[in-house]
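The number in my numbering is simply the position in the sequence shown, starting from 1, with 904 added.
A short worksheet on the structure shown next.
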Amino acid sequence: KEQFDFIFADPPYELKGLETIPDLVFTNNFLKENGLFVLEHGKKNQFDKHPRFIEQRVYGSVNFSFFR
Numbered sequence: 905k906e907q908f909d910f911i912f913a914d915p916p917y918e919l920k921g922l923e924t925i926p927d928l929v930f931t932n933n934f935l936k937e938n939g940l941f942v943l944e945h946g947k948k949n950q951f952d953k954h955p956r957f958i959e960q961r962v963y964g965s966v967n968f969s970f971f972r
């Protein structure tokens, strides 16, 4: 199974199940150890409680959540 150093996801902000994307990445081991996963999302989604969350950056209405 292939793993990646960097994963960037930019799903439609209104996508049903968007909040499950980080869990899908980590439970399926898509990210290499010490890899970085970045999820672009709107302001209504918050991931700061996720155990792999490291930071969030906001640029206007665009949010980027970073996970390791």
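Note that CB positions come from ideal geometry on N, CA and C, so glycine has one too.
- Here LEU943 is buried: its Cβ has 16 or more other Cβ atoms, across all protein chains shown, within 10 Å.
- Across the set ASN949, HIS954, ILE958 and GLU959, the C-alpha of HIS954 shows the shortest separation from the C-alpha of THR931.
- When the beta-carbon positions are compared, SER965 and HIS945 stay at least 8 Å from each other.
- Rounded to the nearest whole angstrom, the CA to CA distance from PRO926 to PHE908 is 14 Å.
- Here the alpha carbon of GLN960 sits roughly 29 Å from the alpha carbon of LYS905.
- Rounded to whole angstroms, the gap between the alpha carbons of VAL962 and GLN950 is 12 Å.
- A Cβ-Cβ separation of about 7 Å places ARG972 in contact with ASN938 under the 8 Å criterion.
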